[in-house]
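Undergrad:
2 protein chains.
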Amino acid sequence: MKSNPAIDDIDKRILKELQVDALLSHAELAERVGSSPASCWRRVKALEHAGILGPAVRLLDAGKIDLGVNVLCNVRMRSHARASIEEFEDFVARRAEIMDCYSMSGDWDYLLRIVAVDVADYEHFLMRILLGHPSVATASSHFALSQTKYSTRLPV
Amino acid sequence: MKSNPAIDDIDKRILKELQVDALLSHAELAERVGSSPASCWRRVKALEHAGILGPAVRLLDAGKIDLGVNVLCNVRMRSHARASIEEFEDFVARRAEIMDCYSMSGDWDYLLRIVAVDVADYEHFLMRILLGHPSVATASSHFALSQTKYSTRLPV
DNA sequence: CATGAAAGCCATGGTAA
DNA sequence: TTACCATGGCTTTCATG
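Order-wise, the sequence lines are chains A and B.
Reading the first sequence from the start, the letters are residues 238 to 393 in the working numbering.
Reading the second sequence from the start, the letters are residues 238 to 393 in the working numbering.
1. Taking 8 Å as the cut-off, does the segment 315-324 of chain B touch the segment 283-296 of chain A (at least 3 CB pairs, one atom from each stretch)?
2. Name the DSSP bridge partner or partners of PHE380 (chain B)?
3. For chain A, is any of its Cβ atoms less than 8 Å away from the one on LYS301 (chain B)?
4. Sort out for me which residues DSSP pairs ASP246 (chain B) with in a bridge.
5. Are the segment 372-391 of chain B and the segment 252-259 of chain B touching by the rule of at least three beta carbon pairs closer than 8 Å?
6. PHE380 (chain B) touches chain A at which residues, Cβ-Cβ below 7 Å?
7. Measuring CB to CB, does ILE351 (chain B) end up less than 8 Å from CYS310 (chain B)?
8. For the beta strand (DSSP E) containing ALA353 (chain B), name the first residue and the last one.
9. Starting from SER383 (chain B), find everything on chain A with Cβ-Cβ shorter than 8 Å and list it in chain order.
10. Please go through the same chain and pick out, in chain order, the residues whose beta-carbon is closer than 8 Å to the beta-carbon of GLU334 (chain B), but skip the five residues on each side of it.
11. With a threshold of 8 Å between beta-carbons, can GLU326 (chain A) be considered close to chain B, or not?
12. Going along chain B, which residues have a C-beta under 7 Å from ILE289 (chain A)?
13. Should MET364 (chain B) be labelled buried (16 or more other beta-carbon atoms within 10 Å of its own) or exposed?
14. According to DSSP, is GLY343 (chain B) part of a helix, a strand, or is it coil?
15. Under 8 Å between C-beta atoms, does GLU334 (chain B) make it to chain A?
16. Only counting the same chain, and skipping five residues up and downstream in sequence, which positions put a Cβ closer than 8 Å to that of SER316 (chain A)?
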């Protein structure tokens, strides 16, 4: 499964623009990608329908709402039984402070990114919530000193 | 510097809603947070002006545009001279395949998340681009088997 | 068959009270 | 906060290459 059914150059430009500004009108979008509003509208619909073009979201400045602490946390599971895995991934999905989670190759099973207001807040999450989970054997936390880059803009 | 000047409950609800759907009209938004459209409009403007409410972006399905490979990469710098740091962070900002970058405490200086189309694509990035950078001493790459969770929705 | 132009309806943003 | 109005975008239709 390589390339998708018919993503041409104009589609790519649409994706590029919409990744940067989801509030663009179809008229402006058409102008920027060199097409007409109606055509743009149809293409956007098709891209949405194909699941390529996802939701429009508003990004917040984490620091400004007192969530300045990013912690990267490696997790090792107690068991790799299917039930354990599912239970843990459900848990991850439900916890709002867990922003991202990757199932990893290598020494650790998962890598989590957690946002917290301060170190004490994270300590509470780690001790009472994460390590309290029955599927979790051990965890190793690494604090980010700063978020040098954070992008939602995929290279199309 | 704890809480921000006057973020009340309605503001929080606005932030919550807009994080999930940036395309909400002020009328719908007002209904959901229990306020009037005009008031919502002013609040949104204020939150934008304060830098709390950031850009509206459209999220793409990385897998659907052949960027299914996520790599987490630890980087150690050759030197911590200011010039080295700045040069590296500029480089990070410019490279589109580097999605996120955290300056870390602990053994490594940075943690990068890179998207790639496949392993060969990543290998090229690692060998020719990242390790080719004069500020980089060494790097350790870890492949994500899957992206279990990816959220842009901060808990307000 | 997809595109581009045109047009009407409707909802929205912004203002005034 | 509510009510209003004008603006502009969305969506469909139609003709064209």
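Glycine included, each C-beta is placed from N, C-alpha and C at the ideal position.
This structure is a prediction, so every number in the text was calculated from the model and none was measured.
TA: Judging by the given coordinates:
1. The segment 283-296 of chain A, when compared against the segment 315-324 of chain B, does not touch it at the 8 Å Cβ threshold.
2. B:VAL308
3. yes
4. DSSP lists no partner for ASP246 (chain B).
5. yes
6. SER342
7. yes
8. 347-353
9. Here the neighbours are TYR339, SER340.
10. ILE351, VAL352, ALA353, PHE362
11. Yes, contact with chain B.
12. LEU297, ASP298, LYS301, ILE302
13. exposed
14. coil
15. Yes, because at least one Cβ of chain A sits closer than 8 Å to the Cβ of GLU334 (chain B).
16. Leaving aside the five residues that flank SER316 (chain A) on each side, the residues in its chain whose CB is nearer than 8 Å to its CB run, in chain order, SER372.
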